[in-house]
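A.B. asks:
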Amino acid sequence: MYLAMIGVMLAACSDSGEEASSTTSSSGGNNFGSDKEFLEQTGTELVNSFNSSDFNNFEAIRRVLENGDYYEGSDVERHLDEVYNFRQALNEYGDTKYYKRTLVLANFNGNYYLQNGKWRYQASNGLKCTFNDANGQQVVATVNHSGPYKTVYLFDESSRHYEYYPSYTYWREETQILVSIPQSVVVTVTQGGRTILESTTTVDLTNVVEGAKYDLSRNNLNVTSKTVVNGIYTIDVSQAKYTANGESKVQFSISNATKTLITGTAKGSTQLTNDEVTAIRNVDAKLDILGRVQLLVTCNDGKALADRIEEIQDFRYDETTYKQALQRVNILYSTTMSYNNNATVMGKLTLEPFDEQYRSYQWNYNTNRGEYVTRSRWESKPVITFTSDNSSYSLEEYFTETRFQTVYENFKSLVESVARNFTDERIYW
């Protein structure tokens, strides 16, 4: 819910498939003084709070795990296939066969280890994975679960099967997918005897109904999770609570060894079914960056907001109607920015109309040949208005790579350096 609301406020609502360019920019003054300086300092501090070398130890692990030759024909591949493909027949009649598949964490128990270039499996209590990384350091990953389990029926899986020999026949398979949820799961990974990852997830099973289909209109769910990487970076989801026909909440933080970097909270009254969102009301969300910049979002009717954002796409070739529809969107929410947890509003975010020019191919009957012509349509983009001088800019116009060059370059360098430890694919900006 939190990410969806922030995304609605900060992302443009266009779905253009053609190449387009903006011909209208937001108007305003020249806000490149104190606000720009403060935001640039905040961005620089945030990027510098992550040290790319803190993740270098994962590169040696990645090089081993991504080797597909180690998996082909291995004991692990066969065992995981057996675990996943295990199905219990409910009954069979006619041309339809009925099964149920229950996914249970305990079924994945065993000792998985790399030996002579192949993954091996050995039955044992608990889940353990052991191998040497590319530098020869032993890596040990363990998964432990505790407390009771409750099995929940999630959904049905349907498929058709055909046989052409010795005669043409076909049948349907209907499979119930169930998952057994443990109360607590703890994941630990060590490298050369040093703990590089710890993750604990706890599920409140009080309101989980055993054996019943999970129903968003009736069932509640409350989960907490805390993950620590290399003893330095912590992602703490201290609350992720969904309450059917009640108030749902989420609260998380990201920190390094010395300070809290980002915190986020959101709450709202939710009414959902397994098929649709019927209502999201009284949404209140906050994103805090380093205690320096705060974004606050409020929305009384999230369902109406989503519907009206979708509606405006129908009017993008009619300037007057499009702008009127966008006004109906903007009255449904408020997104403000403040500094240093001060109540003073330093900026406001809204969706504003922009005239977009795009090239379209059409047939010219006068010349009897096709040609590209320039057309116009209206799109919405997020715009920030600074209260210090009432200047306004589209986000893409204000936060440019040229204007915030140092932040952009440091951020790209950080991402590329960290990514190399987890993938050898190139990042295209």
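All residue numbers for the sequence shown refer to the working numbering, where the first residue is 294 and numbers rise by one. Ideal Cβ placement from N, Cα and C applies to all residues, glycine included. Bear in mind that the values here come from a model prediction, so they are computed numbers and not experimental data.
1) Since residue 630 sits in a beta bridge, which residues does DSSP pair it with?
2) Helix or strand or just coil, what does DSSP make of residue 717?
3) Taking only the alpha-carbon atoms, compute the straight-line gap between residue 556 and residue 409 and give it to the nearest angstrom.
4) Extract the residue ranges of the beta strand (DSSP E) inside the segment 654 to 687, only unbroken runs of 3 or more that lie entirely within it.
5) Take residue 712 as the anchor and find which of 355, 578, 337, 328 has the nearest alpha-carbon.
6) Please report the residue range of the beta strand (DSSP E) in which residue 745 lies.
7) Cα separation between residue 665 and residue 621?
8) Give me, in chain order, the residues of the same chain whose beta-carbon lies closer than 6 Å to that of residue 369; leave out the 5 immediate sequence neighbours on both sides.
9) Quick one: is residue 563 buried, meaning 16 or more other Cβ sit within 10 Å of its Cβ, or exposed?
10) Scan the segment 369 to 403 and note each continuous beta strand (DSSP E) run of 3 residues or more that stays entirely inside, going in chain order.
11) Compute the Euclidean distance between the alpha carbons of residue 361 and residue 432, then round it to the nearest angstrom.
12) Taking the beta strand (DSSP E) that residue 424 falls in, what are its first and last residues?
13) On a Cα-Cα basis, can you pick out the residue from 676, 353, 584, 523 that is closest to residue 339?
14) At which residues does the alpha helix (DSSP H) containing residue 595 begin and terminate?
15) In three-state DSSP terms, what is residue 614?
16) Does DSSP classify residue 415 as helix, strand or coil?
17) Identify the continuous alpha helix (DSSP H) that holds residue 352 and give its terminal residues.
18) Helix, strand or coil for residue 566, going by three-state DSSP, please let me know.
19) Could you please give the first and the last residue of the uninterrupted alpha helix (DSSP H) stretch that includes residue 701?
20) Using 10 angstroms around the beta-carbon of residue 426, count the other beta-carbons present and answer buried if the total reaches 16, otherwise exposed.
21) For the beta strand (DSSP E) that contains residue 515, what are its first and last residues?
22) Please confirm whether residue 443 and residue 474 have their CB atoms less than 8 Å apart.
23) From which residue to which residue does the beta strand (DSSP E) around residue 430 run?
24) Would you kindly report the start and end of the unbroken beta strand (DSSP E) that includes residue 346?
C.D. replies: Taking the geometry as given:
1) Counting from 1 along the sequence shown, the entry for residue 630 is found at position 337. According to DSSP, which records beta bridges pairwise, residue 630 is partnered with 588, 640.
2) Your numbering for residue 717 matches position 424 in the sequence shown. The three-state reading of DSSP puts residue 717 in coil, since its state is none of H, G, I, E or B.
3) As a working mapping, residue 556 is identified with position 263 in the sequence shown. As a working mapping, residue 409 is identified with position 116 in the sequence shown. If you take the alpha carbons of residue 556 and residue 409, they lie about 46 Å apart.
4) Taking 3 residues as the minimum length, the beta strand (DSSP E) runs contained wholly in the segment 654 to 687 are 662 to 679, 685 to 687, in order along the chain.
5) Working through the sequence shown from its first residue, we reach residue 712 at position 419. If we check each option's Cα against that of residue 712, 355 comes out closest.
6) Because the chain spans 294 through 722 in this model, residue 745 falls outside it and cannot be assessed.
7) For the purposes of this step, residue 665 is taken as the residue at position 372 of the sequence shown. For the purposes of this step, residue 621 is taken as the residue at position 328 of the sequence shown. Distance between the alpha carbons of residue 665 and residue 621: 35 Å.
8) By 1-based counting over the sequence shown, the position of residue 369 is 76. Result list for residue 369: 405, 412, 414, in chain order.
9) In the sequence shown, counting from the first residue as 1, residue 563 sits at position 270. Residue 563 is buried by the Cβ-count criterion.
10) 381 to 386, 389 to 397
11) As a first step, residue 361 is located in the sequence shown; it is residue number 68 there, counting from the start. As a first step, residue 432 is located in the sequence shown; it is residue number 139 there, counting from the start. The straight-line gap from Cα to Cα measures roughly 18 Å.
12) Residue numbering aside, residue 424 sits at position 131 when the sequence shown is read from its first letter. Residues 420 to 425.
13) Along the sequence shown, one-based indexing puts residue 339 at 46. Cα-wise, what sits closest to residue 339 is 584.
14) Translated into the one-based positions of the sequence shown, residue 595 becomes position 302. From DSSP, the alpha helix (DSSP H) with residue 595 extends over 595 to 604.
15) For the purposes of this step, residue 614 is taken as the residue at position 321 of the sequence shown. Of the three classes helix, strand and coil, the one that applies to residue 614 here is helix, per DSSP.
16) The residue labelled residue 415 in the question sits at position 122 within the sequence shown. In the three-state scheme derived from DSSP, where H, G and I count as helix and E and B as strand, residue 415 is classed as strand.
17) As a first step, residue 352 must be located in the sequence shown, where it is residue number 59. 350 to 358 is the span of the alpha helix (DSSP H), which, as asked, contains residue 352.
18) Stepping through the sequence shown from its first residue, residue 566 is reached at position 273. In this structure, residue 566 counts as coil in the three-state DSSP scheme.
19) On the sequence shown, position 408 is the one that residue 701 refers to. That run of the alpha helix (DSSP H) goes 698 to 712.
20) Translated into positions along the sequence shown, residue 426 becomes position 133. By the 10 Å Cβ count, residue 426 comes out buried.
21) For the purposes of this step, residue 515 is taken as residue 222 along the sequence shown, with counting starting at 1. 514 to 522 is the extent of the beta strand (DSSP E) around residue 515.
22) As a working mapping, residue 443 is identified with position 150 in the sequence shown. As a working mapping, residue 474 is identified with position 181 in the sequence shown. Yes; because the gap between Cβ atoms is below 8 Å, this pair is in contact.
23) For this step, residue 430 is matched to residue 137 along the sequence shown. Where residue 430 is concerned, there is no enclosing beta strand (DSSP E), given that its DSSP letter is neither H nor E.
24) Against the sequence shown, residue 346 aligns to sequence position 53. First-last for residue 346: undefined, no H or E at that position.
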